[in-house]
Structures are given as C-alpha cells and as structure tokens.
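K.L.:
Protein chains in written order, with the numbering used here: chain A, 1 to 409; chain B, 410 to 652. In this text, a Cβ means the ideal position worked out from N, Cα and C, and glycines have one as well. All of these numbers come straight from a predicted model, not from anything done at the bench. A single structure is presented below for examination.
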Amino acid sequence: MSEHALWVPFFRAIVVFVYFLLVTAVLIWAERRIVARMQARLGPNRIGPFGALQTLVDGVKMFFKEDVTPAMVDRPVFVLAPLIGVIAGFLSMAVIPIGGEVTLFGETFTLVVSDLNVGVLWILAMGSIHVYSVFLAGWSSNSPYPLMGGVRASAQMISYEIAQGLAVASVVIYTGSLRVGDIVAAQSGDGLFPGMPGWNAIVLFPAFLIFTIGMVAEAGRPPFDLAEAEGELVGGFHTEYSGMKFGMFMLAEFMNVVTMSAIMVTLFFGGPSGPTFGLPDAVAWVMPMFWFFVKMSAFIFFFILLRGALPRYRYDRLMSLGWKVLVPVGLVWALVTAAIVLLEEQTVLTTEVRIGLGVAAAVLVGALLFVGAAPEDADAIPDERDPQDDAAQAPGAADRAENAEEVGT
Amino acid sequence: MAEAVSFWVFAVLALGSALAVVAMRNIVHAALMLVLNLLAIAGLYLTLQATFISIVQVLVYAGAIMVLFLFVVMLLGVDRDDTLTTAPRLTAVAVAGAALLAVALLAAFVGPYTSPASVCGADTEVAASSDAVRCIGLDEVYGEDGQGGVVLLGEQLFGRYTFPFELAALLLTVATIGAVILARRRDLDPEDLDPEDLDGSEPPPGAAGLGSTSSDALDLDPGTAAADTELVLDTAADDERED
Chain A
1 MSEHALWVPF
11 FRAIVVFVYF
21 LLVTAVLIWA
31 ERRIVARMQA
41 RLGPNRIGPF
51 GALQTLVDGV
61 KMFFKEDVTP
71 AMVDRPVFVL
81 APLIGVIAGF
91 LSMAVIPIGG
101 EVTLFGETFT
111 LVVSDLNVGV
121 LWILAMGSIH
131 VYSVFLAGWS
141 SNSPYPLMGG
151 VRASAQMISY
161 EIAQGLAVAS
171 VVIYTGSLRV
181 GDIVAAQSGD
191 GLFPGMPGWN
201 AIVLFPAFLI
211 FTIGMVAEAG
221 RPPFDLAEAE
231 GELVGGFHTE
241 YSGMKFGMFM
251 LAEFMNVVTM
261 SAIMVTLFFG
271 GPSGPTFGLP
281 DAVAWVMPMF
291 WFFVKMSAFI
301 FFFILLRGAL
311 PRYRYDRLMS
321 LGWKVLVPVG
331 LVWALVTAAI
341 VLLEEQTVLT
351 TEVRIGLGVA
361 AAVLVGALLF
371 VGAAPEDADA
381 IPDERDPQDD
391 AAQAPGAADR
401 AENAEEVGT
Chain B
410 MAEAVSFWVF
420 AVLALGSALA
430 VVAMRNIVHA
440 ALMLVLNLLA
450 IAGLYLTLQA
460 TFISIVQVLV
470 YAGAIMVLFL
480 FVVMLLGVDR
490 DDTLTTAPRL
500 TAVAVAGAAL
510 LAVALLAAFV
520 GPYTSPASVC
530 GADTEVAASS
540 DAVRCIGLDE
550 VYGEDGQGGV
560 VLLGEQLFGR
570 YTFPFELAAL
580 LLTVATIGAV
590 ILARRRDLDP
600 EDLDPEDLDG
610 SEPPPGAAGL
620 GSTSSDALDL
630 DPGTAAADTE
640 LVLDTAADDE
650 RED
C-alpha cells in the first residue's frame with residue numbers, strides 16, 4: 001500500500017464514496033418507479049427524463065425542511081443516532097472492490113478503499129454498529145412507538161447477524177482467508193467444470209440462501225421492515241424525526257440496500273470478476289466495473305421486487321425463522337463446509353466425489369430445513385390465546401397443556 | 410510516530426470514556442460511553458497491529474454485548490429521570506478496588522516493559538545477548554501469516570490454551586442454563602396456578618378425555634402438577650451439576 005503515491009488512497013476513497021452515493025440515488029428513483037409500475041401507478045415522472053432527478057430535488061427539499069426536535073427527547077443521542085447509521089453505512093463499503101486493476105498516471109491499483117486483511121469481519125462489525133443507529137433513535141425519541149421500533153429492530157438485527165455471520169463463516173472456511181480480495185480471487189476461476197463460474201453461491205448454496213434472507217432482515221427492508229412498520233408503529237424508530245435527520249435515516253436505509261447487494265456480489269458472486277471477451281487492455285479495465293455493477297443491480301432489483309411483492313412478516317414468525325431455522329442450518333452448513341475442506345486437504349477429491357458430496361450436503365440441509373419447518377407450522381396458531389376463553393371451554397385444560405410443556409422440556 | 414500519535418489519542422479517549430462511564434448519571438449515556446471505551450480499546454489493538462482482535466472487539470463487545478446491555482435497559486424501561494446514585498461506602502470500596510487493580514497492572518505489565526531490564530527500542534544485539542524482557546512488533550510474530558494474527562491466534566487457542574478455552578465455554582454454558590432456570594421459575598408463582606387445581610379437585614371430564622388419549626407425560630393429575638414441575642426443575646439443576 002505504501003508503494004503508491006499519496007493521492008492514490010484519497011482518490012480511491014473519493015471514487016468509492018461517490019460511486020455508492022450515486023448508486024443509492026439511482027436506487028431511490030428506480031425503486032419508486034418499479035414499485036409504482038407494480039402497483040399500476042406512474043411514480044415520479046416530472047423532473048428530468050422519466051423523473052430521474054427526483055431524488056436530487058428530494059435531497060434539496062430535505063435540507064431546507066424545518067428540523068423539529070421534540071422537547072422531551074434526549075438531545076445528544078437524538079442527534080447522534082442518524083449520524084451513526086450513515087457513517088456505518090459508508091464505512092462498510094470501504095472493503096468492497098468495485099472494479100479490477102486500474103492504471104492512472106503511472107499508478108496501478110485496485111478500486112477498493114482498503115483491502116483489509118480481516119475485511120470480511122469489518123463488514124460484519126460495521127453492520128453491528130449500524131444497530132445502534134436504529135436502537136438509539138428509538139430510545140432517545142422518548143415516545144412509545146419509536147421505542148417499540150427500536151427494540152424490535154435491535155432484536156431482529158442481532159438475531160439475523162448470527163445467521164449471516166455463520167453464512168459468512170462458511171465462505172471464509174471455504175476460501176481460507178478473511179481478506180475480501182482473496183475471496184474475490186478464489187471465485188474468479190472456473191467452477192466444477194469449464195464454463196461454469198466458480199461462484200460461492202453455487203458451491204455454498206445453503207450459505208447463500210441464509211445470507212440472502214439475512215441481508216433483507218439486516219437492511220430492515222420489506223418483508224422484514226418491522227422496525228418501521230408504518231401500519232403498526234406509525235413510522236417506528238424514526239417517527240419523531242424530521243428534516244435532514246429523517247433524510248439521513250432514509251439515506252442509511254437505501255444505502256444499506258446497496259451495501260448488502262455489494263457484499264452479496266462480493267462474497268457469493270465473484271465480485272468484479274467476469275469474462276472480458278478478449279477486449280484490448282485499454283478498454284478491458286472497464287469490464288470488471290461493468291460486471292460488478294450488473295451483478296449488484298440484479299440484487300438491488302431483487303430487493304425492490306421483494307418490497308413490491310411480499311406483505312410484512314409477523315414479528316414472532318420472524319424471530320422463529322431466524323433462531324429455529326436459519327441459525328441451526330447455518331451451524332450445520334458451516335460444519336459441513338469445514339468437513340469438505342478438511343477432506344479436500346487430506347485427499348485429492350475427484351470432481352464426481354465433490355459433486356456427490358455437495359448433493360449429499362444439500363439434501364442434508366434441505367431435510368433439516370423441512371424438519372425444522374414442520375413443528376414451526378404446527379405452532380403457527382398464535383400463542384396469545386385468551387386464558388378466560390380457555391377457562392370457559394374446559395377449565396384446567398390450559399394448565400394441563402402448560403404442564404405437559406414443562407414435562408416435555 | 411504515527412504509532413505514538415494514535416496511542417495517545419486512543420489512550421486518552423479510552424481513559425476519558427471509562428471515567429465518564431462511572432460519572433454519567435444516566436444509565437444509557439453511561440452505556441454509550443462504555444461503547445466508546447470499547448471502540449477506543451479496539452483502536453489501541455489496531456495500534457498494536459492486532460487487526461483481528463481489534464475488529465473482533467468491535468464486533469463482539471461493541472456490536473453484540475453492548476447492544477444486549479442496552480436492550481435489557483430498554484426492556485426494563487429504566488426511566489430517563491432515574492439517576493444512578495451509589496452509597497458512599499460502596500464508592501470507597503470501589504475506589505480501593507480500582508487502586509488495587511491499578512497497582513497490580515502497573516507491577517505486572519508496565520513495570521517490566523519500562524524498567525532498565527526492558528530492551529524495547531534498544532539495539533538488537535542487546536536484545537539477543539541479555540535475557541531481558543523482549544518486545545517485538547506483532548507483525549514480526551505473525552511472520553508470513555498476513556491475516557492479522559488469525560492463524561497464530563487459532564493455533565494458540567486450540568493448541569496450547571485448549572483447556573482454558575473449553576473452561577470458558579463451560580462457564581458461559583453454565584451461566585446460560587442458570588439464566589434459563591431463573592427465568593422459568595417465574596412460571597411457578599402461586600398466583601399463576603389455578604387455586605382449584607391446587608386443592609386437588611377432580612379434573613373436568615373434557616380435560617380427562619384429553620389426557621387419556623395423550624402420552625404418559627401428558628397424563629398428569631393437575632393436583633400433582635406443581636410437584637411434578639418442581640421435579641423437572643430439580644433434574645435440570647442436577648444436569649447442570651453434572652456438567
């Protein structure tokens with residue numbers, strides 16, 4: 001790193017910062033257009049071509065709106081909370097390579113702010129710092145709905161962080177490195193046979209599934225947007241916020257979508273790697289950026305589709321999905337990955353054996369998923385039954401059931 | 410140079426926030442200061458070239474444990490007007506304990522590394538010739554690892570220090586089981602149990618029919634239910650002792 005000229009780190013930081021900011025702006029517009037189309041509306045269509053400059057105008061509007069701070073809030077924490085969200089969002093982008101090697105003014109460097117040797121953990125750490133934003137916003141507002149939103153958000157994020165961490169762990173075990181650059185490089189070759197991409201999403205499919213569900217929950221997006229469920233909690237944690245502070249929460253949320261998509265592409269879809277179609281070197285450096293953008297856009301689109309297509313999840317179902325399905329499956333899969341890696345280290349496995357092992361592991365995890373899902377469906381009936389109701393029907397039956405539960409455990 | 414600057418910045422930050430933790434009157438503010446303290450210590454680890462430990466510090470302490478702390482504070486609904494006050498006698502005990510800890514740390518760690526016997530920053534010949542306290546950069550210890558000490562730490566943790574590691578795991582398991590038992594004991598509050606059942610009266614016919622079709626575990630007489638639940642708790646406690 002030290003061999004570069006002094007301007008290189010600054011240049012990389014600025015490029016990555018502006019890149020993600022622009023993608024976020026485009027995302028906000030694209031989301032409004034696509035969701036509008038799914039709901040047979042027009043969406044923003046006045047400012048710029050197809051309303052594309054709407055985000056810019058909204059941003060300006062946010063800055064000049066009155067910033068009301070309610071009298072009873074805990075002022076320092078109230079001001080701090082939105083800042084934490086935006087800062088954590090930007091910081092987690094620091095280890096994501098958005099393109100390949102670029103040569104500029106005689107300096108050759110990769111388009112990443114810093115390829116930290118524990119970059120994967122950095123991403124997770126910033127994700128866990130982001131919890132504070134939502135959480136403190138809820139608490140400092142000194143109002144019931146934000147508090148409930150904050151408590152929900154923190155419980156949800158902590159729960160899904162564990163599942164997500166386990167998915168990332170299996171990627172790390174498989175690659176044998178915590179460096180994001182190594183993980184990208186390990187996926188750039190062919191997969192099991194020539195022509196198939198060596199993406200982790202194929203080899204580590206269960207981890208990919210867990211990460212997909214986890215990233216939606218971490219980003220607090222529909223169908224897991226219980227922290228701000230407007231039908232139940234008014235606006236959740238940001239009910240009391242207005243003006244640019246509210247704007248920062250919005251920015252952080254949308255940025256989270258971009259970051260999560262970028263992380264997904266980096267960890268499971270080979271990052272910026274892709275075919276260059278034999279282009280000359282002068283043009284070929286654009287291709288990694290192109291591939292990265294295409295892959296990331298696909299996941300951003302997936303986020304938007306989810307929002308347009310799915311209703312909000314119920315909170316208790318959300319928790320039981322996280323703890324009773326994703327975490328156990330993630331644990332088993334991390335174990336299976338470790339076993340496969342160990343086998344590969346000890347003996348040289350043939351392609352057929354690898355495919356066989358992969359299929360067996362997938363079947364195992366699938367079976368576990370169904371076994372885990374079955375009892376969950378059984379107690380899908382809400383637990384909050386009215387005790388008086390039960391007593392009226394059959395006195396003692398409720399106690400009997402409770403006692404049976406006690407003995408069962 | 411950069412090392413010295415970052416050390417002083419993070420050291421002052423860590424000490425200042427640590428003082429603030431005990432000085433703050435609002436429990437959430439105190440907890441936030443503790444978060445700042447943990448982040449500053451992560452910065453100190455970074456100064457020591459221990460990247461892995463540093464990030465794990467942020468991830469585990471600042472990101473998970475402190476969030477749980479705050480979570481509990483919120484769930485208990487501590488009012489923001491509830492200021493924390495401590496009895497003077499406790500303050501005295503705390504000051505004495507802190508002083509004792511400071512002396513112990515100074516004697517055990519700071520002393521050896523600042524005394525004349527230390528060769529930090531001295532010539533390598535001196536370091537090689539004498540059996541003085543040696544200190545080398547962590548990067549040198551890591552060698553070809555290049556992963557911020559992940560490999561080294563893993564080897565030490567699962568090789569030389571396996572036993573303490575497993576003991577720590579056991580300690581956490583015991584604590585968790587204990588917490589679960591304490592949390593479940595609330596189910597046994599007398600007011601939660603139906604007084605009719607405690608009298609040992611006959612169960613209604615509907616309930617009896619339900620019981621007879623179920624397994625043996627379900628076929629409990631409500632009158633003995635309380636005793637049976639206690640039995641379950643006892644066996645759970647026994648299990649814990651066996652662990």
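Nearest-angstrom Cα distance between Gly243 (chain A) and Pro222 (chain A)?
P.N.:
Rounded to the nearest angstrom, the two C-alpha atoms are 24 Å apart.
K.L.:
How would you call Leu428 (chain B), buried or exposed, if buried means at least 16 neighbouring beta carbons within 10 angstroms?
P.N.:
Answer is exposed; the Cβ neighbour count stays below 16.
K.L.:
Should Arg410 (chain A) be labelled buried (16 or more other beta-carbon atoms within 10 Å of its own) or exposed?
P.N.:
Residue 410 (chain A) falls outside the range modelled here, since chain A spans only 1 to 409, and no answer is possible.
K.L.:
Which residue's Cα is closest to the Cα of Gly214 (chain A): A:Arg307, A:Val294, A:Leu166?
P.N.:
The option with the nearest alpha carbon to Gly214 (chain A) is A:Leu166.
K.L.:
Where does Val102 (chain A) fall in DSSP's three states?
P.N.:
Residue state, collapsed to three classes: strand.
K.L.:
Would you tell me roughly how many angstroms separate the C-alpha atoms of Phe11 (chain A) and Val172 (chain A), rounded to the nearest one?
P.N.:
Phe11 (chain A) and Val172 (chain A): Cα-Cα distance of roughly 29 Å.
K.L.:
Taking the beta carbon of Gly589 (chain B) as the centre, do at least 16 other beta carbons fall within 10 Å, making it buried, or is it exposed?
P.N.:
Before going further, note that residue 589 (chain B) is Val rather than Gly in the sequence given. Result: exposed.
K.L.:
Are the beta-carbon atoms belonging to Ala163 (chain A) and Val265 (chain A) less than 7 Å from one another?
P.N.:
Going by C-beta atoms, Ala163 (chain A) is not nearer than 7 Å to Val265 (chain A).
K.L.:
By Cβ distance below 8 Å, which residues in the same chain neighbour Glu66 (chain A) in space, the five residues on each side in sequence not counted?
P.N.:
Result list for Glu66 (chain A): Ser242, Gly243, in chain order.
K.L.:
For Glu66 (chain A), report the span of its alpha helix (DSSP H) as first-last.
P.N.:
Element bounds for Glu66 (chain A): n/a, residue is neither H nor E.
K.L.:
By how many angstroms is the C-alpha of Phe50 (chain A) removed from the C-alpha of Gly271 (chain A)?
P.N.:
Whole-angstrom Cα-Cα distance: 30 Å.
K.L.:
How about Ala201 (chain A) and Phe208 (chain A): do their beta carbons lie closer than 7 Å?
P.N.:
Cβ distance < 7 Å, so Ala201 (chain A) and Phe208 (chain A) count as in contact.
K.L.:
Using the C-alpha atoms, what's the distance from Thr585 (chain B) back to Leu479 (chain B)?
P.N.:
Their Cα atoms are separated by approximately 19 Å.
K.L.:
Any contact between the region 86–94 of chain A and the region 249–260 of chain A? By contact I mean 3 or more CB pairs, one from each, below 8 Å.
P.N.:
Touching, yes, given that three or more Cβ pairs across the two stretches are closer than 8 Å.
K.L.:
What separation, rounded to the nearest whole angstrom, lies between the Cα atoms of Glu228 (chain A) and Gly235 (chain A)?
P.N.:
Their Cα atoms are separated by approximately 5 Å.
K.L.:
Looking at the strands, I want to know which residues DSSP matches up with Phe518 (chain B).
P.N.:
Partner(s): none; Phe518 (chain B) has no beta bridge.
K.L.:
How about Leu468 (chain B): is its C-beta nearer than 7 Å to some C-beta of chain A?
P.N.:
With 7 Å as the cut-off, Leu468 (chain B) counts as an interface residue toward chain A.
K.L.:
So, helix, strand or coil for Phe301 (chain A), using DSSP?
P.N.:
It is helical.
K.L.:
So which residues of chain B does Ala81 (chain A) contact, with C-beta pairs closer than 9 Å?
P.N.:
Per Cβ cutoff of 9 Å: no residues; Ala81 (chain A) is ~11 Å from chain B at best.
K.L.:
Could you name the residues of chain B that Leu124 (chain A) contacts, counting a contact when the two beta carbons are closer than 7 Å?
P.N.:
Here the neighbours are Leu468.
K.L.:
Taking 7 Å as the cut-off, decide whether the C-beta atoms of Trp199 (chain A) and Phe292 (chain A) are in contact.
P.N.:
Going by C-beta atoms, Trp199 (chain A) is not nearer than 7 Å to Phe292 (chain A).
K.L.:
Sort A:Ile98, A:Ile123, A:Trp139, A:His130 by Cα distance to Leu251 (chain A) and report the nearest one.
P.N.:
Among A:Ile98, A:Ile123, A:Trp139, A:His130, the Cα nearest to that of Leu251 (chain A) is on A:His130.
K.L.:
With DSSP collapsed to three states, give me the class of Glu412 (chain B).
P.N.:
The answer is helix: DSSP assigns Glu412 (chain B) an H, G or I state.
K.L.:
Just to confirm, is the Cβ distance from Met413 (chain A) to Gly220 (chain A) under 7 Å?
P.N.:
Because residue 413 (chain A) is not part of the residues shown, which for chain A are 1 to 409, the question remains open.
K.L.:
Give me, in chain order, the residues of the same chain whose beta-carbon lies closer than 7 Å to that of Met442 (chain B); leave out the 5 immediate sequence neighbours on both sides.
P.N.:
The answer, listed in chain order, is Ser426, Ala429, Val430, Met433.
K.L.:
Taking 7 Å as the CB-CB limit, is Met433 (chain B) close to chain A?
P.N.:
So, not an interface residue.
K.L.:
Between which residues of its own chain and Thr24 (chain A) is the CB-CB distance below 6 Å, once the five residues before and five after are set aside?
P.N.:
Excluding sequence neighbours, Thr24 (chain A) sits near Phe254, Met255, Val258.
K.L.:
From the DSSP output, in three-state form, read off Phe17 (chain A) for me.
P.N.:
Residue state, collapsed to three classes: helix.
K.L.:
Using a Cβ cut-off of 9 Å, pull out every chain B residue sitting near Ala155 (chain A), in sequence order please.
P.N.:
The answer, in chain order, is Phe480.
K.L.:
Ile14 (chain A) to Trp417 (chain B), Cα distance in whole Å?
P.N.:
Rounded to whole angstroms, Ile14 (chain A) to Trp417 (chain B) spans 28 Å at the Cα level.
K.L.:
Using the rule of at least 16 other Cβ atoms within 10 Å of the residue's Cβ for burial, across every protein chain shown, is Phe290 (chain A) buried or exposed?
P.N.:
Counting Cβ neighbours within 10 Å, Phe290 (chain A) comes out exposed, since fewer than 16 surround it.
K.L.:
Cα separation between Val502 (chain B) and Gln156 (chain A)?
P.N.:
For Val502 (chain B) and Gln156 (chain A), the distance between alpha carbons rounds to 40 Å.
K.L.:
Quick one: what does DSSP say Glu240 (chain A) is sitting in, helix, strand or coil?
P.N.:
Correct three-state label for Glu240 (chain A): coil.
K.L.:
Buried or exposed: which applies to Leu6 (chain A), given that a residue is buried once 16 or more other Cβ atoms fall within 10 Å of its Cβ?
P.N.:
The residue is exposed, with fewer than 16 neighbouring Cβ atoms inside 10 Å.
K.L.:
For chain A, find out if any of its Cβ atoms is closer than 7 Å to the Cβ of Met442 (chain B); answer yes or no.
P.N.:
So no, Met442 (chain B) is outside the interface.
K.L.:
Considering Cα atoms alone, identify which of A:Ala153, A:Val68, A:Gly100, A:Ala40 is closest to Ala461 (chain A).
P.N.:
Any question about residue 461 (chain A) goes unanswered here, given that chain A covers just 1 to 409.
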